[in-house]
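Novice: Have a look at this one.
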Amino acid sequence: MSELQPIVLNEEAPDERVTWFADIILPVPIPRMFTYRIPRVMEEMVQIGSRVIVQFGSKRILTGVVGKLHNDPPKKYNARYILEVLDNNPIVEPVQIRLFEWIANYYVCTVGEVLNIALPSGLKLSSESKAQLNPDFFSEDNQMSLAKVEFSEKEKIVLEALNEKSSLTYNEIGELLQEKSFYNTIKSLIAKEAILIYEEVKEKYKPKVIKKLRLSPSYARNPDQLEILFGSLEKRPKQMDVLLAYLHAVPQYQSASVNQVGIAKNQLMDRNLSASSVNTLIKNEVLEEFEEIVSRFETTVPTQEQVFLTDYQMQAKQQVLEHFQHKDTVLLHGITGSGKTEIYIDLIQEVLNSGGQVLYLLPEIALTTQIVLRLKKIFGDRMGIYHSRFSDNERVEVWQGILAGDYPLVVGVRSAVLLPFDNLSLIIVDEEHETSYKQFDPAPRYHARDVALMLARLHHSKTLLGSATPSIESYYHACHAKYGLVALNQRYGNAQLPKIELVDIKLERKQKTMREDFSSVLLDAMQGVLDKKEQAIIFQNRRGYAPFLHCEDCAHIPKCQNCDVSLTYHQYARELRCHYCGHHEAVPQECVACGSTKVKSVGFGTEKLEEEIQGLLPASRVQRMDLDTTRKKNSYELIIESFANHEMDFLVGTQMVSKGLDFDGVSLVGILDADRMIHFPDFRSHERTFQLITQVSGRSGRRDKVGRVIIQTTNLKQPILYKIIENDYLGLFEEEIHEREVYHYPPFVRIIRLTVKNPDKRVVDLAAVHLAHILKDRIGSSRVLGPEEPLISRLRNQYLMQLVIKLEKNLNIKAIKAALRDESVKLTKEKAFKKTNVVIDVDPY
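Counting from 1 along the sequence shown, just add 1477 to a position and that's the residue number in this note's numbering.
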């Protein structure tokens, strides 16, 4: 499957006795594995999937993973030795390596780039630069030379410290000299050959260790000795309190084994005991202090045994199983609130009972909050959770837990497809249409849904795709029998689909009934929600206070200094911020171009809506959920818990509020700025508008209440809005699939986008034209569109030009991808385009 070929590194004086070699995957963007020699003492230790330490280049020390073992010595070069083997057992499964190679080939990247994002940072070694005295320089034979060297006061301070301490890190030297610019001192000492610099390699992952206490064996095994001890402590009441508290918490007389387990020291100290008395008992060998490695995750005992399916859910589940008899992939098309999650849970239980593993993919971290709480009640500690908000150490523990078999069920976001499964039986991709499954930067630019399909194929397992609004491609494959198709058109229980209505804000502005950015209809409905003590979700897919500031006198708009975009106004942070590179600056008091004070905000984001609601409805309690309010680890959970407990009346949010959240009290959804989504310059704009509005509308009326959805628009005649009102997905599909066939878009063609980058605008234009000319000659001019400037033509001080490649399905796609890679590399090697970079993105939309 893989085209990856190992290359080798030169090594002096090979050891003739060693005959085994390993091809190592290194987490660097190099297109091949590197061949290293296995020392004889390590021959039985090195296994496929094990981590090893190797030297890469002249100075770098890297953690690699063994991808292949063989006994073919390199023909042209001698290979360097593996320095160390880190694992007794492999941490990467052989099937994972096959998946990494497939991703590298399909998405035109390197297997090292795949490994780099797959392996948790905690499993990669870090190297830290340290300084030590040069023993040759300070030797007795060199005393005469040493006397001739003069050292500055700062250099003397460093040398004296190194004489007392064997080594110092760069940071320790900086603290010692109490200055930031200490590198010149280090550089000078190196030049005088007084010190040596070396790299100390450290394991990043650290298990969580707690201190525990237990009764010393001499007292635990001998009740008489314990009685004597009590007598001796009569005049030491604080020590007596400690001992009694321990025996109360650890009843070792009932079971001798419980004393061996002991009690956490901080748990005992929570009883307001004397710390010095505890330490005295430890010193006198009455109590024994020891350390224990514990999980970073709380232990959860299942409180719910199973989920009961309704008749129509059971029927849908049986249809899924019937399709699985003949097909590897099934699309479950269930309207919002139809109970797809209950079907997932029932299928998961069957797989786990049969000894298999399950991967449950979700597009957003926000989605995991409610679903995880629900799944924990059923599956308890058999379920692992994996997403980017976890710390490095937490992700390592999940990785190791899967290898150990502790987590047969894993719930995670897109990176979870890269975990070390060895017995995967079912993959569930919930909300399979979501763009969050696509990785845009850095490489590999993979789509988790498509990688999940390949992962299932490698494991000979099944994939269930679920969505209320499937992607056009997935529904097309289901209609053409590539996937099985199961429809779930009835909401769970007595719930009905919400009533959707349109409001003409152009007319309301003309009649002057708009208040701020809210129509009178929406505002009245929100007041009704307050009166009935219900809740509402206000959806605006743009964060910040306003998209930009505008000078009314000279029309100047503040722009990012690094990107070709306007700066978004964030009122709460009192700054202008670029949402692409992160640049931020203070809000100007006057126009920087003309000095006018007539600088106004234009448009609105979630921040402004939050402020407006609080002004228009003073009695309301408003919460905002967007990227700015959910940066902290548990922020999602806190906001969702607050809203679920009816501590808030209105939840204002971006697309985070549209996915999978289930709140009993929500009776109204307001959708603002729908026109921007509809007219976005993308061939998927109507599809994504339908998906997004349908999904967020589904948050309304989730029980026996009929929900209400109000969409504000300037054009009541837009056909896509009526398809949303009628929940006419088939009508959308038929219209979209016809247009895509006529204009050659997926699923009828494969699209690859090449983005040419350079700090110089003239150079990037020339490079893009040059690359387009070559590619048109190689693969056909009709298949290469562009070059042209993208919507945003400069990002992070790099000018951009794009080429779009459209390829028919019957072509040799693999050969064309190789040609794209080769020509891109050739371009960047030309002298005129030396600083140019070409990014290849397969299936970019």
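Ideal Cβ placement from N, Cα and C applies to all residues, glycine included.
In this text, all values refer to a predicted model and were calculated from it rather than measured experimentally.
What's the gap between the Cα of Ser-1606 and the Cα of Gly-1599?
Specialist: Answer to the nearest angstrom: the Cα atoms are 19 Å apart.
Novice: Within its chain, find whatever has a CB closer than 7 Å to the CB of Glu-1493; leave out the 5 residues flanking it on each side and keep chain order.
Specialist: Low confidence applies to Glu-1493: its pLDDT is 45, below 50, so where it sits in the model is not reliable, and the reading given next is rough at best. Contacts found: none.
Novice: Hey, Val-2099 and Val-2129 are a contact pair by Cβ (cut 8 Å); roughly how many whole angstroms apart?
Specialist: Their Cβ separation, rounded to whole angstroms, is 6 Å, which keeps Val-2099 and Val-2129 in contact under 8 Å.
Novice: Which class does Ser-1598 belong to by DSSP, given the choice of helix, strand or coil?
Specialist: Three-state result, Ser-1598: helix.
Novice: CB-CB under 8 Å to Ile-1687, same chain, minus the five flanking residues each way: which ones, in chain order?
Specialist: Closer than 8 Å at Cβ, skipping near neighbours: Ala-1741, Lys-1742, Asn-1743, Glu-1768, Glu-1769, Val-1771.
Novice: For Gln-2324, does the count of other Cβ atoms within 10 angstroms reach 16, so buried, or fall short, so exposed?
Specialist: Here the chain covers residues 1478 to 2322 and nothing more, so residue 2324 does not appear.
Novice: How far does the alpha helix (DSSP H) with Gly-1878 in it reach, from first residue to last?
Specialist: Residues 1869-1880.
Novice: Does the beta-carbon of Tyr-1660 have 16 or more other beta-carbons within 10 angstroms, so that it is buried, or is it exposed?
Specialist: Label assigned to Tyr-1660: exposed.
Novice: Using 8 Å as the Cβ pair cut-off and three pairs as the minimum, do the region 1823-1836 and the region 1891-1909 touch?
Specialist: Cβ pair count under 8 Å is three or more, so yes.
Novice: Please report the straight-line C-alpha distance between Ser-1948 and Asp-2141, rounded to a whole angstrom.
Specialist: In a straight line, the C-alpha of Ser-1948 is about 28 Å away from that of Asp-2141.
Novice: Is Val-1523 near Leu-1546, with beta carbons less than 8 Å apart?
Specialist: Their beta carbons are under 8 Å apart, which means Val-1523 touches Leu-1546 by this criterion.
Novice: What number of angstroms, rounded off, separates the C-alpha of Lys-1683 from the C-alpha of Val-1875?
Specialist: If you take the alpha carbons of Lys-1683 and Val-1875, they lie about 13 Å apart.
Novice: Let me make sure I understand the geometry here. Which of Val-2069, Thr-2074, Gly-1816 has the alpha-carbon closest to that of Gln-1967?
Specialist: Comparing Cα positions, the closest option is Gly-1816.
Novice: If distances are taken between C-alpha atoms only, which option among Glu-1819, Lys-2294, Phe-2157 comes closest to Ile-1855?
Specialist: Selected option, being the one with the closest Cα: Glu-1819.
Novice: Going along the chain, which residues of its own chain have a beta-carbon closer than 7 Å to the beta-carbon of Arg-1992, five neighbours each way excluded?
Specialist: Hits under 7 Å: Leu-2000, Leu-2093.
Novice: Taking only three categories from DSSP, how would you classify Leu-1563?
Specialist: The answer is coil: DSSP assigns Leu-1563 none of H, G, I, E or B.
Novice: Report the partner residues of Cys-2028 according to the DSSP bridge assignment.
Specialist: Paired residue(s): Val-2076.
Novice: When the Cα of Asp-2105 is compared with those of Gly-2059, Ser-2119, Gly-1534, Val-1735, which residue comes out closest?
Specialist: It is Gly-2059 whose Cα lies nearest to the Cα of Asp-2105.
Novice: Determine the contact status of Val-2006 and Ser-1996, defining contact as a CB-CB distance below 8 Å.
Specialist: It is not a contact, given that the beta carbons lie outside the stated cut-off.
Novice: Go ahead and pull the three-state DSSP assignment for Tyr-2334.
Specialist: Residue coverage of the chain in this structure runs from 1478 to 2322, which leaves residue 2334 outside it and unanswerable.
Novice: Between Leu-1745 and Leu-1692, how many whole angstroms is the CB-CB distance? I'm expecting something under 8 Å.
Specialist: Contact doesn't hold; Cβ gap of about 12 Å is too wide.
Novice: How about Thr-2045 and Pro-2024: do their beta carbons lie closer than 8 Å?
Specialist: Yes, the pair counts as a contact, with Cβ atoms nearer than the cut-off.
Novice: Near Gly-2147, what residues of its chain come up, given a Cβ to Cβ distance below 6 Å and the 5 sequence neighbours on each side ignored?
Specialist: Within the same chain, Gly-2147 has close Cβ partners Leu-1999, Ile-2015, Ile-2187.
Novice: Would you call the region 2038-2054 in contact with the region 1983-1991, where contact means no fewer than 3 C-beta pairs closer than 8 Å?
Specialist: Output reads no: the region 1983-1991 does not touch the region 2038-2054.
Novice: Expressed to the nearest angstrom, what Euclidean distance is found between the alpha-carbon atoms of Val-1591 and Gln-1573?
Specialist: Taking the straight line from one Cα to the other gives about 11 Å.
Novice: Which same chain residues, not among the five before or five after Gln-2275, have their C-beta less than 7 Å away from its C-beta?
Specialist: Hits under 7 Å: Lys-2234, Asn-2235, Pro-2236.
Novice: Could you name the residues that DSSP lists as bridge partners for Phe-2160?
Specialist: Paired residue(s): none; Phe-2160 is not in a bridge.
Novice: Entirely within the region 1973-2039 and at least 4 residues each: give me those alpha helix (DSSP H) ranges in chain order.
Specialist: 1982-1988, 1997-2008, all fully within the region 1973-2039.
Novice: CA-CA distance, Leu-1852 and Arg-1859?
Specialist: If you take the alpha carbons of Leu-1852 and Arg-1859, they lie about 10 Å apart.
Novice: Spatial neighbours of Glu-1489 within its chain, please: C-beta separation below 6 Å, excluding the five flanking residues on both sides.
Specialist: At Glu-1489, the pLDDT of 42 sits below 50, so the modelled position is not reliable; the number obtained from the coordinates is stated separately. None.
Novice: Quick test of your reading: Gly-1811 and Ala-1945, contact by CB under 8 Å. State the CB separation rounded to the nearest angstrom.
Specialist: Rounded, the Cβ-Cβ distance is 6 Å, consistent with contact.
Novice: How long is the line joining the alpha carbons of Ser-2259 and Asp-1927, rounded to whole angstroms?
Specialist: Cα to Cα, Ser-2259 sits roughly 27 Å from Asp-1927.
Novice: Using 8 Å as the cut-off, can you tell me whether the region 2152-2163 makes contact with the region 2202-2222, which would need three or more C-beta pairs spanning the two stretches below that distance?
Specialist: Touching, yes, given that three or more Cβ pairs across the two stretches are closer than 8 Å.
Novice: Based on Cα-Cα distance, which residue from Leu-2198, Pro-1550, Ala-2309 lies nearest to Ile-2350?
Specialist: No answer is possible for residue 2350: it lies beyond the span of the chain, which begins at 1478 and ends at 2322.
Novice: Express the C-alpha separation of Ala-1624 and Asn-1611 in angstroms, rounding to a whole number.
Specialist: Each residue's Cα considered, the two are about 15 Å apart.
Novice: From Lys-1915 to Glu-1656, what distance separates their C-alpha atoms?
Specialist: Taking the straight line joining both Cα atoms gives about 45 Å.
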